[in-house]
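Working notes, structure below.
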Amino acid sequence: YTVSRVDLQRGPNAILFGLGSPAGVVNTTINNAEFRNRGEIGFTYDQFGTKRITADYNREVLPNELAVRVAAVSNDQKFRQKPAFSEDERLFGAIRYRPSFLNQNGMTFDVSGNYEHGSIESNRPRIIA
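Throughout the sequence shown, residue numbering follows the numbering used here, covering 20 to 148 in sequence.
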């Protein structure tokens, strides 16, 4: 719910990106506040009774100067094995500030930050027979 991009680097080029590995590297990028207005809500259900609800909302508060983003997920996962379950509640917030008085003559100054809070309660299924 907070991942905006996944990059897969494989083969010899993987050594050029991040902490390299000849087998490959997976880089992920989290959501940031953007200077545009958008929102998204998602619902997922499955045959075992799992319910997942996600929400992602981005708002440009001051044009090209201040943006905030809030994302949340509620995941009540059920499994074939009873009484296995996993309940996951998370909230994510991001802010981006680009003061106009510091962004002149081709110079760019940008401050951003994010915060996430969550809780998980679970009784996972046994995978060893």
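Ideal Cβ placement from N, Cα and C applies to all residues, glycine included.
Distance from the CA atom of N124 to the CA atom of P118, rounded to whole angstroms, is 14 Å.
By the beta-carbon neighbour count (other beta carbons within 10 angstroms, threshold 16), F111 is buried.
Taking the C-beta atoms as reference points, T63 is found no nearer than 8 Å to Q96.
For D75, the enclosing beta strand (DSSP E) begins and ends at 70–81.
For F62, the three-state secondary structure derived from DSSP is strand. Setting aside the 5 residues that flank it on each side, N56 is surrounded in the same chain by N77, R78, E79, each with a C-beta closer than 8 Å to its C-beta; the list follows chain order.
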